[in-house]
Amino acid sequence: MTLTTDQFVPTSGSDDDASQLLTDQEQQWVDKFMDETTLFLGPDPAIMRTHQIMPRTAYEEECIAQGIDPLEVDRIRKRLAGALDEAFEMCESMGAAPGAKWADLSCAVYTAEGDVTYLSNRGVIAFSAVLHHPIRYIMKNWKDEPTVGINPGDGFFHNDSRFGMVHNTDQSMLVPVMRDGIIIAWVGATIHEGENGACEPGGMPSGSESPFDDGLRASPIKIVEKGHLRRDLLTFLQHSTRDPKLMLADIKVKMGATRRIMDTVDRLIDEVGQETFVASLRVTVEDVETEVRRRISELPDGTVTFNQFVDSTLKENILIKFACKITVKGERMIIDLTGTGPEILNRALNSPLASTKSFMSQAVLSYWWPDLPRSTGALSPIEIITEEHTWADAGYDAPVGQSLQASFRGFSALQSAFAKMQFSAPQKYSNVVAPWFNQINDFLWGGTTQNGEQVGNLCADLNGMGGGAKAFRDGEDAVAPLFCAMADLGEQEVMEEEVPFLQLVSKRLVRDNQGFGKFRGGMGYEMMVASRGTPSWGFMTVTSGSKFSSVPGMFGGYGCPVYPLAMVKDINIYDIIKKDPSQFNLSMERVMNEQPFEGGDYQTGHMGLQFDVAKEGELYMIAQGAGGGYGDVLERDPELVVTDLELDRISAQVATNVYGVVWEADTFVVHEQATIELRAQMRRDRISRGKPYKEFVAEFVQEEPPKDLLYYGSWGQDNDEELLATHWGKIEPERVKGKIAELPLIMVPDRRVLKIGKLEARVRELEQKYGEVAVHKS
Amino acid sequence: MRVPMTEYLLIDLDTERWICRICAHDFGDARGNYKEGTLVYDRDPQEIHPPVIDPEKYEFTFSPDPIFCRILEFYCPTCGTQIEAEYLPPGHPPTVDMLWDIDSLREKWEAHGGNPEEVVNYGPGENAVTDLSARFDSVAPHSHQTEGR
Chain A
59 MTLTTDQFVP TSGSDDDASQ LLTDQEQQWV DKFMDETTLF LGPDPAIMRT HQIMPRTAYE
119 EECIAQGIDP LEVDRIRKRL AGALDEAFEM CESMGAAPGA KWADLSCAVY TAEGDVTYLS
179 NRGVIAFSAV LHHPIRYIMK NWKDEPTVGI NPGDGFFHND SRFGMVHNTD QSMLVPVMRD
239 GIIIAWVGAT IHEGENGACE PGGMPSGSES PFDDGLRASP IKIVEKGHLR RDLLTFLQHS
299 TRDPKLMLAD IKVKMGATRR IMDTVDRLID EVGQETFVAS LRVTVEDVET EVRRRISELP
359 DGTVTFNQFV DSTLKENILI KFACKITVKG ERMIIDLTGT GPEILNRALN SPLASTKSFM
419 SQAVLSYWWP DLPRSTGALS PIEIITEEHT WADAGYDAPV GQSLQASFRG FSALQSAFAK
479 MQFSAPQKYS NVVAPWFNQI NDFLWGGTTQ NGEQVGNLCA DLNGMGGGAK AFRDGEDAVA
539 PLFCAMADLG EQEVMEEEVP FLQLVSKRLV RDNQGFGKFR GGMGYEMMVA SRGTPSWGFM
599 TVTSGSKFSS VPGMFGGYGC PVYPLAMVKD INIYDIIKKD PSQFNLSMER VMNEQPFEGG
659 DYQTGHMGLQ FDVAKEGELY MIAQGAGGGY GDVLERDPEL VVTDLELDRI SAQVATNVYG
719 VVWEADTFVV HEQATIELRA QMRRDRISRG KPYKEFVAEF VQEEPPKDLL YYGSWGQDND
779 EELLATHWGK IEPERVKGKI AELPLIMVPD RRVLKIGKLE ARVRELEQKY GEVAVHKS
Chain B
259 MRVPMTEYLL IDLDTERWIC RICAHDFGDA RGNYKEGTLV YDRDPQEIHP PVIDPEKYEF
319 TFSPDPIFCR ILEFYCPTCG TQIEAEYLPP GHPPTVDMLW DIDSLREKWE AHGGNPEEVV
379 NYGPGENAVT DLSARFDSVA PHSHQTEGR
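As you go down the protein sequences, you meet chains A and B in turn. Throughout, the working numbering is defined as the position within the first sequence, counted from one, plus 58. Throughout, the working numbering is defined as the position within the second sequence, counted from one, plus 258.
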């Protein structure tokens, strides 16, 4: 961690202050000594734990004092928006990363102190919204550092989320805008690059058990010096990952994109003057903050609570809580995550606080108030309470390879709670929406391609999340990921030119994969892949939600189902369909239920699959997730139910038992009166089986989670500071309780060790039972 | 004045009560937890989310595991409308999901001067419409009057 003099030495004051330990002169000597002998400039808590915009600098004050013309500010913003969109398209068109081709990137302009002023209209808001942290780090540590410094034409690279990044698979290029030796702004581009040299290919390792398994740990480094790419550092970065071509290509793409933004910035400054340009950046940030305060004041005062339960470490099934209370009082909004489970120090699901907050920005700027300029000012006035060393606010020593598990929950907490916060507000700036799907239901892959290259990355299906149902319509199927409104699902045929596997089934909707409701959530589709023509290949999946639904519904609607990983090992599907083309009739349902391929090993598992070697033709099957439903299922238009039934989107069981619709089997004509009567009966049944709240609570609520459930987080909401956790201090797990600082370090044993232990115990039991004498040498 | 708070709940600011927007059932003090006025049922999630792959053969089937997950269904005691469905671990206390400052709610709407039960068009497009009037107002379901209710 960063050691600063502030942490060890009292602030200097006058010499005659009796409590003062050091004189001013002595303080200066200490400061100088500490500056010159700092062991390690790691992530700086003073930077990393703050999401507020910076105070105006003296120069910004000076620029603003010369007068602000709102129309001119607007013109400047629009010019910047155009430049950013152009840079975005450059990255999208030329980027080597699969993610770049599908809009998994963004470009932005920042103030000199690092506050985002404006983002590209397309792309991932969270990417750029988190980059004030590294800019502040660079300004604090490298600007005046003689061995680094900042000069025109320089460009800084980083990927480690401990310094401010959504996750470690993303890489940035941050370039200063300078005039007369002074930094007046920054421009930047960030791309989800994928491969980063982690313990598994693809950059999002679910198998990471320490921060050193997370892959490349680049703090902000000056990769471009006065316009020239430094080959020594580039070589280091290439050498540190599995895909050196990707590293080179996309650093150059980001250099080109930031150069394009810089061209517009240079022209703008020539046209409007440096002071007007600086003032425009600054007032935009401030205006957004002011407007957010005003919009908060329009919401009803009160508290909305939205708790989430995540069922996997990606290695084993657990239940870990993401607690969230949002309180509005006048212009203040306080988001309190107290009650969220502790970090797990040998699992990949933890998220740095800045990454969690970046997805809160995503919710605010794309789902709450999408009309606002995309600026740091949007989250700045919102107070956020977290406890360090919880999984949403992980410490420095926690692995964060799959930090999306926690940070996406930061998004869902805000996106979902807002439906209740804005329903009664007079002015609505966006739709009332049920929870968006929030998991990474996707294949990651890696190995040697048919072209002999080493690669590691992911499929575009990540972008096919089902949308939440709205107050007036069904959610859209496979519409967009929560982090990017206008993303692409990619061209599978193009990808197959570059990677040695086929998607044998793609974009086929899975029956009953809906959040049921008056309006249903958008559906997800299934994906089936098998490798072909490669000496070495493997797949991974990095998703929770195979036992506990990832998203609930809204206002009586149901959530999404859960999602399995299905595999058929020890077959070669290509040989099978070559011999019998009729076998190409593939679906997860048919393959797994009918088990048509002789000799195949048919398996299911949760969706945390660590890198699994895929022999040619072995089948891997998953499904994309659905958005939450909105409103009572018995209010759904029966015609919509039958339409879904006819299209095989829902089963007859769901149409009858969930939606209460009666129809003519041959014609799919709704029996209106019979439906009315069935639904009336279903309502009566509800009243009959439902118990008065207090009586229900007395029966249902337990003091603690079930004994065998590996649980982490608060239980209930009356005492969110008391966390429960499962601790393996001994061989058997035990439940521990206490405040976060009182809990022991939480780790989970290797599941294979646990399995071997169980099997050995069983062997001993059987030996004893049958009187067999066996010698077990250790 | 009545303010719709969710698809199925409104708060009557005159009486300070939670009211069902479908049938006018009174759920209790608007300064408290509306769930206390509901009927609740502990639903096995497998009854709602059926398996797609055979549960006899496999552990993971698209259907939630009832050992991990329950669905608490909250019903209106009069009309049987399902006003909330909460996914919880077994035995976890139901979440108090909304607590509102009624004085502030009243002040904000009075300052606004509009009718909280108007039709909302989220746009773009004509289909982006939600009718916020209470359904039990069968006489004048789309009335914009703000007093005398």
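No residue lacks a Cβ here, since even glycine has one placed at the ideal position from N, Cα and C.
With distances taken Cα to Cα, identify the nearest neighbour of P410 (chain A) among A:S772, A:L274 and A:N226. Position 352 of the first sequence holds residue 410 (chain A). Ranking A:S772, A:L274 and A:N226 by Cα distance to P410 (chain A) puts A:N226 first.
Exercise. Since V282 (chain A) is in the beta strand (DSSP E), which residue starts that stretch and which ends it?
Worked result: Reading the first sequence from its first residue, position 224 is the one you call residue 282 (chain A). That run of the beta strand (DSSP E) goes I279 to E283.
Which term fits M841 (chain A), buried or exposed, when burial requires 16 or more other beta carbons within 10 angstroms of its beta carbon?
Not covered by the structure: residue 841 (chain A). The range shown for chain A is 59 to 836.
(request) May I ask you to list, following chain order, the residues of the segment 465-480 of chain A that have a beta carbon less than 7 Å from some beta carbon of chain B? (result) K478
Where P269 (chain A) and I240 (chain A) are concerned, what is the direct C-alpha to C-alpha distance, given to the nearest angstrom?
-> Sequence index remark: in the first sequence, residue 269 (chain A) carries index 211 (1-based). Sequence index remark: in the first sequence, residue 240 (chain A) carries index 182 (1-based). Rounded to the nearest angstrom, the two C-alpha atoms are 36 Å apart.
Could you check whether P493 (chain A) and S474 (chain A) sit closer than 7 Å to each other, using their CB atoms as the reference points? For the purposes of this step, residue 474 (chain A) is taken as residue 416 along the first sequence, with counting starting at 1. For the purposes of this step, residue 493 (chain A) is taken as residue 435 along the first sequence, with counting starting at 1. Yes, the Cβ-Cβ distance between S474 (chain A) and P493 (chain A) is below 7 Å.
Short of 8 Å Cβ to Cβ, which residues in the segment 371-398 of chain B face chain A? G372, P374, V378, Y380, N385, A386, V387 and T388
*Kindly indicate which three-state DSSP category P610 (chain A) falls into: helix, strand or coil?*
The sequence position of residue 610 (chain A) within the first sequence is 552, counting from 1. Note: P610 (chain A) maps to coil in three-state DSSP.
**Q.** Min CB distance F318 (chain B) to chain A below 7 Å
**A.** Residue mapping note: residue 318 (chain B) aligns to position 60 of the second sequence, counting from 1. Chain A, which has a Cβ nearer than 7 Å to the Cβ of F318 (chain B), makes this yes.
Quiz item: Can you list the residues of chain A that T353 (chain B) reaches, using a CB-CB cut of under 9 Å?
Solution: Against the second sequence, residue 353 (chain B) aligns to sequence position 95. In chain order: T363, F364, N365, G774 and Q775.
Original post:
Alpha carbon to alpha carbon, what distance is there between D308 (chain A) and V649 (chain A)?
Top reply: Here residue 649 (chain A) refers to the residue found at position 591 of the first sequence. Here residue 308 (chain A) refers to the residue found at position 250 of the first sequence. So the two alpha carbons sit approximately 40 Å from each other.
Check: In or out: S640 (chain A) buried (at least 16 other Cβ within 10 Å) or exposed?
Finding: Counting from one through the first sequence, the residue named residue 640 (chain A) turns up at place 582. It is exposed - the Cβ of S640 (chain A) has fewer than 16 other Cβ atoms within 10 Å.
Interface residues of chain A facing M259 (chain B) [CB-CB closer than 9 Å]
Stepping through the second sequence from its first residue, residue 259 (chain B) is reached at position 1. Under the 9 Å cutoff, chain A gives no residues; its nearest Cβ is about 11 Å from M259 (chain B).
Let me make sure I understand the geometry here. Which of A:E374, A:L502 and A:V727 has the alpha-carbon closest to that of L812 (chain A)? Counting from one through the first sequence, the residue named residue 812 (chain A) turns up at place 754. Ranking A:E374, A:L502 and A:V727 by Cα distance to L812 (chain A) puts A:E374 first.
#### Entry: Beta carbon of A527 (chain A) nearer than 7 Å to that of G687 (chain A)
Residue 527 (chain A) sits at position 469 when you count from the first residue of the first sequence. Residue 687 (chain A) sits at position 629 when you count from the first residue of the first sequence. For A527 (chain A) and G687 (chain A), yes; Cβs fall inside 7 Å.
Checklist entry - Among all the DSSP beta bridges, which residues are the ones paired with V513 (chain A)? => result The residue given as residue 513 (chain A) occupies position 455 in the first sequence. Note: V513 (chain A) sits in a beta bridge opposite A:G505.
Determine whether the Cβ of W276 (chain B) lies closer than 7 Å to any Cβ atom of chain A. Taking the first residue of the second sequence as position 1, residue 276 (chain B) is located at position 18. Cβ-Cβ to chain A under 7 Å: no for W276 (chain B).
- Name the chain A residues whose beta carbon is nearer than 8 Å to that of E294 (chain B)? What you label residue 294 (chain B) is simply residue 36 of the second sequence in a count that begins at 1. Within chain A, the residues near E294 (chain B) are Y751 and K752.
- prompt: So with Cβ pairs under 7 Å, would you call G286 (chain B) a contact of chain A?
  reply: Looking up residue 286 (chain B) in the second sequence gives position 28. G286 (chain B) does not count as touching chain A.
* So what does W276 (chain B) bridge to, in DSSP terms? -> To locate residue 276 (chain B), count along the second sequence from 1; it is residue 18. In DSSP, W276 (chain B) forms a bridge with B:I269 and B:G286.
Residue from A:L339, A:L698 and A:G153 whose Cα sits closest to the Cα of T248 (chain A)
In the first sequence, counting from the first residue as 1, residue 248 (chain A) sits at position 190. The shortest Cα separation from T248 (chain A) among A:L339, A:L698 and A:G153 belongs to A:G153.
Note to self: Any beta carbon of chain A sitting closer than 7 Å to that of T264 (chain B)?
What the structure shows: Residue numbering aside, residue 264 (chain B) sits at position 6 when the second sequence is read from its first letter. Yes, because at least one Cβ of chain A sits closer than 7 Å to the Cβ of T264 (chain B).
#### Entry: Close Cβ partners of C517 (chain A) (< 6 Å) along its chain, the five nearest in sequence each way excluded
As a working mapping, residue 517 (chain A) is identified with position 459 in the first sequence. Taken in chain order, the residues that qualify are D500 and F501.
Give a yes or no on contact between the segment 685-702 of chain A and the segment 607-622 of chain A, applying the rule of three or more CB pairs nearer than 8 Å. yes
Quick one: list the residues of chain B neighbouring D706 (chain A), beta-carbon separation under 9 Å, in chain order. In the first sequence, counting from the first residue as 1, residue 706 (chain A) sits at position 648. The premise fails here: D706 (chain A) is roughly 12 Å from chain B at the closest Cβ pair, so nothing lies under 9 Å.
Residues in the segment 613-632 of chain A with C-beta within 9 Å of chain B's C-beta atoms, listed in sequence order? F613, G614, G615, Y616, G617, C618, P619, V620, Y621, P622, L623 and A624
**Request:** Write down every uninterrupted run of the beta strand (DSSP E) in the segment 381-446 of chain A whose length is 3 residues or greater and which is fully enclosed by it, in chain order.
**Result:** 383-387, 390-394 and 440-443
For this session: Answer with yes or no whether the minimum CB distance from D300 (chain B) to chain A is below 7 Å.
Result: Counting from one through the second sequence, the residue named residue 300 (chain B) turns up at place 42. Answer yes: the Cβ-Cβ gap between D300 (chain B) and chain A drops below 7 Å somewhere.
Taking only beta carbons into account, state which residues of the segment 319-337 of chain B come closer than 9 Å to chain A, listed in chain order.
T319, F320, S321, P322, D323, I325, F326, C327, R328, I329, L330, E331, F332, Y333, C334, P335, T336 and C337
| task | With 7 Å as the C-beta to C-beta threshold (strictly closer), list the residues of the segment 477-501 of chain A near chain B in chain order. | result | K478, F481, S482, P484, K486 and N489
> Helix, strand or coil: how does DSSP classify W160 (chain A) here?
Replying inline: The residue given as residue 160 (chain A) occupies position 102 in the first sequence. Three-state result, W160 (chain A): coil.
Residues in the segment 599-611 of chain A with C-beta within 8 Å of chain B's C-beta atoms, listed in sequence order?
S604, K605, F606, S607, P610 and G611
Can you tell me whether DSSP reads M679 (chain A) as helix, strand or coil?
Taking the first residue of the first sequence as 1, we reach residue 679 (chain A) at position 621. Strand, per DSSP.
Pair within 7 Å by beta-carbon distance, H190 (chain A) and P278 (chain A): Translated into positions along the first sequence, residue 190 (chain A) becomes position 132. Translated into positions along the first sequence, residue 278 (chain A) becomes position 220. Result no, Cβ atoms of H190 (chain A) and P278 (chain A) do not sit closer than 7 Å.
**Study point:** Proximity below 7 Å, CB of Y266 (chain B) to CB of T353 (chain B)
**Key:** What you label residue 266 (chain B) is simply residue 8 of the second sequence in a count that begins at 1. What you label residue 353 (chain B) is simply residue 95 of the second sequence in a count that begins at 1. Contact: no.
Ends of the alpha helix (DSSP H) at L177 (chain A)? The residue given as residue 177 (chain A) occupies position 119 in the first sequence. Not the alpha helix (DSSP H): L177 (chain A) falls in the beta strand (DSSP E), residues V174 to L177.
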